[in-house]
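**Q**
Numbering (the numbering used here), first residue to last: 42 to 203.
(1) Which residue marks the beginning of the beta strand (DSSP E) containing residue 108, and which one marks its end?
(2) Could you pull the start and end residues of the beta strand (DSSP E) that residue 164 belongs to?
(3) From residue 65 to residue 99, what distance separates their C-alpha atoms?
(4) Which partner residues does residue 65 have in the DSSP bridge list?
(5) Once the 5 residues before and after residue 167 are set aside, which same chain residues still bring their CB inside 7 Å of it?
(6) Spatial neighbours of residue 114 within its chain, please: CB distance less than 6 Å, with the 5 preceding and 5 following residues excluded, ordered by chain position.
(7) Would the beta-carbon of residue 122 fall within 8 Å of that of residue 170?
(8) So, for residue 143: in the same chain, excluding its five sequence neighbours on each side, which residues have a beta-carbon less than 6 Å away from its beta-carbon?
(9) Taking buried to mean at least 16 other C-beta atoms within 10 Å of its own C-beta, is residue 138 buried or exposed?
(10) By alpha-carbon positions, which one of 186, 159, 156, 201 ends up nearest to residue 178?
(11) List, from N- to C-terminal side, the beta strand (DSSP E) runs of 3 residues or more that fit wholly inside the stretch 129-154.
(12) Please report the straight-line C-alpha distance between residue 159 and residue 133, rounded to a whole angstrom.
What follows is the structure, encoded as structure tokens:
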């Protein structure tokens, strides 16, 4: 039986019948405050590298014969990204590192940025996991998952570029 006092003094304190309702209300308030923050890094594609949080833009499209996942990874190469499938889950993960050096007569500047990401997708039962392919071109990763009636789920690493 707790009270939650809002930060605004014009609102009266709310009283809840049980501690779980009070806890949930406080968590909802905290998430709302966090998500409304102008520094929240998920608003732009592939942002937050300076804080270590990287969220690439991903699109998924289902066609008659395949499901295609397209992920924008600007500034990254094939060697920076890994695509795996295990237990019916397709996982795309990678790291973005960037180093910038600027040297002139009277100053020396070195900046480094680093960020990791990992996204996982459930592979539908009608996908033939043995035929999943990935290609990387001009900063865009494209994963093609062909449909099949006899899809199987076994672990394997998917080579990018083939």
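Glycine included, C-beta positions come from ideal geometry on N, C-alpha and C.
**A** If we stick to the structure as given:
(1) Reading the chain shown from its first residue, position 67 is the one you call residue 108. Looking at the DSSP string, the run of the beta strand (DSSP E) that includes residue 108 is 107-113.
(2) Position 123 of the chain shown holds residue 164. For residue 164, there is no enclosing beta strand (DSSP E), as DSSP gives it neither H nor E.
(3) Here residue 65 refers to the residue found at position 24 of the chain shown. Here residue 99 refers to the residue found at position 58 of the chain shown. Distance between the alpha carbons of residue 65 and residue 99: 31 Å.
(4) The count along the chain shown starts at 1 and reaches residue 65 at position 24. According to DSSP, which records beta bridges pairwise, residue 65 is partnered with nothing at all.
(5) Taking the chain shown and counting its residues from 1, one reaches residue 167 at position 126. Only 188, 189, 190, 192 meet the Cβ criterion.
(6) In the chain shown, counting from the first residue as 1, residue 114 sits at position 73. If we look at residue 114 and ignore the five residues flanking it on each side, its Cβ neighbours are 97, 180, 182.
(7) Counting from 1 along the chain shown, the entry for residue 122 is found at position 81. Counting from 1 along the chain shown, the entry for residue 170 is found at position 129. In this structure, the beta-carbon distance from residue 122 to residue 170 does not fall below 8 Å.
(8) Locating residue 143 in the chain shown gives position 102, counting from the first residue. Cβ within range, chain order: 150.
(9) In the chain shown, the residue the question calls residue 138 occupies position 97. With fewer than 16 Cβ atoms within 10 Å of its Cβ, residue 138 is classed as exposed.
(10) Taking the chain shown and counting its residues from 1, one reaches residue 178 at position 137. When only C-alpha atoms are compared, the closest one is 201.
(11) List check, beta strand (DSSP E) in window: 130-144.
(12) As a working mapping, residue 159 is identified with position 118 in the chain shown. As a working mapping, residue 133 is identified with position 92 in the chain shown. Straight across, the Cα-Cα distance linking residue 159 with residue 133 is about 6 Å.
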